[in-house]
Every structure is written in structure tokens, then in C-alpha cells.
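Numbers given in the working numbering equal positions in the sequence shown, counted from 1, plus 17.
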Amino acid sequence: MTFRMMLPRDVIVSSLPMLVGLVSEKSIVVHSYAATAIEKILIIKMPNYVSITAAELAPEFEKLLTNLFNSFKYEGSGENEYLMKLVMRSVSLMKANLPAPVVQHLTGVLTAKLTEICRNPSQPHFNHYVFETFSCLIRGSCIGKPENITGFESALFPVFQEILQKDVTEFIPYVFQVLSLM
18 MTFRMMLPRD VIVSSLPMLV GLVSEKSIVV HSYAATAIEK ILIIKMPNYV
68 SITAAELAPE FEKLLTNLFN SFKYEGSGEN EYLMKLVMRS VSLMKANLPA
118 PVVQHLTGVL TAKLTEICRN PSQPHFNHYV FETFSCLIRG SCIGKPENIT
168 GFESALFPVF QEILQKDVTE FIPYVFQVLS LM
């Protein structure tokens with residue numbers, strides 16, 4: 018049993034806004050630990066414990082994403098796997114509750130990030146979480162709305178073509194997995 022499982026649920030939920038604030042700290046250690054703490058809170062699974070819901074994360078979600086993507090700009094955090102894992106986990110939790118403008122913004126930001134890492138893939142875990150986030154976005158926003166696929170196609174096809182033409186072998190399996198979702 019870990020320490021976070023000994024805390025009452027209401028204390029954990031009320032700590033989310035403070036942790037979201039820490040994600041924007043310039044110190045790589047602070048924002049990485051804050052991201053890890055939130056990510057672990059989102060996946061707590063134990064008997065007689067109700068996991069954090071999308072409704073509980075919703076008030077902090079946009080601020081969380083803003084802080085996460087701002088932290089990628091700090092020195093040494095451009096490909097911080099802990100930050101990207103939290104992006105993936107929070108998008109996965111919110112899934113169908115994501116408003117269309119947020120999905121479009123995320124798609125644009127993640128596509129730019131993918132284009133950047135495509136030049137020199139160096140952090141395998143970070144790369145994995147980028148593609149997983151795309152998968153969560155596609156699965157969540159296209160359930161019952163097949164017309165949303167075209168937005169993803171127009172954003173991702175140029176990057177995927179570049180990956181396939183340049184033969185970026187680390188990304189080819191991911192490209193085909195994401196394409197299979199569309």
C-alpha cells in the first residue's frame with residue numbers, strides 16, 4: 018500500500034488544483050514530480066475507492082494542459098516523459114468529454130511536437146506517450162461522430178507521410194496503429 022492510498026479521497030481531490038499549479042514551475046524536478054503525482058492520482062485503483070472522474074478533473078483540465086505545454090518550453094523539459102504521460106492520462110480520462118476546440122488545439126500542438134521529435138527521435142517513452150495521446154483523442158472524440166476523423170486526417174497525414182518517406186523506423190509501427198483507428 019502506498020502513501021497516496023492512505024489519504025482520504027476528498028483530500029486527494031482537493032489537492033489537484035495545487036498540484037496543477039506546481040506543473041508550471043520552472044524547476045524540472047518540481048514539475049516532473051507534480052506531473053507524476055497527478056498521473057498516479059488519476060490511476061488509483063483499489064477496493065472501496067472511487068477513482069477520480071472526468072467531472073472532477075474538468076475544472077482543472079484546461080489549466081493543466083496549459084501548464085503542461087508551457088513546461089515543455091523550459092530547458093531540459095522539451096521531451097519530458099512525465100509531462101507527456103500526464104497529458105496522455107488526462108486526455109484518456111476526459112475522452113468523450115473533450116470539447117471540439119480543445120481537441121483541435123491539442124491535435125495542433127501534438128502534431129507540432131510530433132514533427133519536432135520526428136527529426137531526431139531520442140526519448141522512446143516520450144514518443145510512445147505522444148502517439149498514445151493521439152490514439153486517446155481519436156477514440157474519444159470520434160465515438161459516434163465519424164465526421165471528426167477528417168480533422169485528424171488533415172493534421173496527421175502530412176506528418177505520417179514524412180515519417181514513412183524518411184523511414185523513421187521508431188515511429189512506423191505507431192503510424193500504422195494510429196491509422197488503423199481512423
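Where is the CB? At the ideal position from N, CA and C, for every residue including glycine.
As the structure is a prediction and not an experimental result, all values here were calculated from the model.
Rounded C-alpha distance that separates residue i from residue j
i	j	result
ILE45	LEU59	21 Å
LEU36	THR128	27 Å
PHE173	PRO25	Checking the sequence shown, residue 173 turns out to be Leu, not Phe. Spanning the two alpha carbons is a distance of roughly 42 Å.
LEU33	LYS130	26 Å
HIS142	GLU96	9 Å
HIS48	ILE134	21 Å
LYS43	LEU85	11 Å
PRO118	THR124	10 Å
GLY38	MET101	16 Å
LEU82	VAL40	10 Å
ILE155	TYR146	14 Å
LYS90	VAL126	12 Å
Outcome for residue i when other beta-carbon atoms lying within 10 angstroms are tallied against a minimum of 16
i	result
ASN137	exposed
PHE193	exposed
SER88	buried
LEU196	exposed
GLU107	This sequence places Ser at residue 107; Glu is not what is there. It is buried - the Cβ of SER107 has at least 16 other Cβ atoms within 10 Å.
MET23	exposed
THR150	buried
SER139	exposed
SER94	buried
SER158	buried
ALA8	With the chain covering 18 to 199 only, the question about residue 8 has no answer from this structure.
VAL120	buried
Supposed close pair residue i, residue j - CB separation, criterion 8 Å
i	j	result
ALA113	ILE160	6 Å
PHE169	ILE180	Going by Cβ atoms, the distance from PHE169 to ILE180 rounds to 15 Å, so no, they are not a contact pair.
LEU103	ALA52	4 Å
CYS153	MET105	6 Å
VAL30	ILE69	7 Å
TYR191	PHE148	4 Å
Start and end residues, alpha helix (DSSP H) containing residue i
i	result
LEU115	Segment: none, LEU115 is in no alpha helix (DSSP H) and carries neither H nor E.
THR83	71-88
GLU179	166-182
PHE188	Premise fails: PHE188 is in no alpha helix (DSSP H) and is neither H nor E.
GLU56	45-59
MET23	Note, MET23: premise wrong, no alpha helix (DSSP H); not H, not E.
PRO163	Premise fails: PRO163 is in no alpha helix (DSSP H) and is neither H nor E.
TYR91	First-last for TYR91: undefined, no H or E at that position.
SER152	141-159
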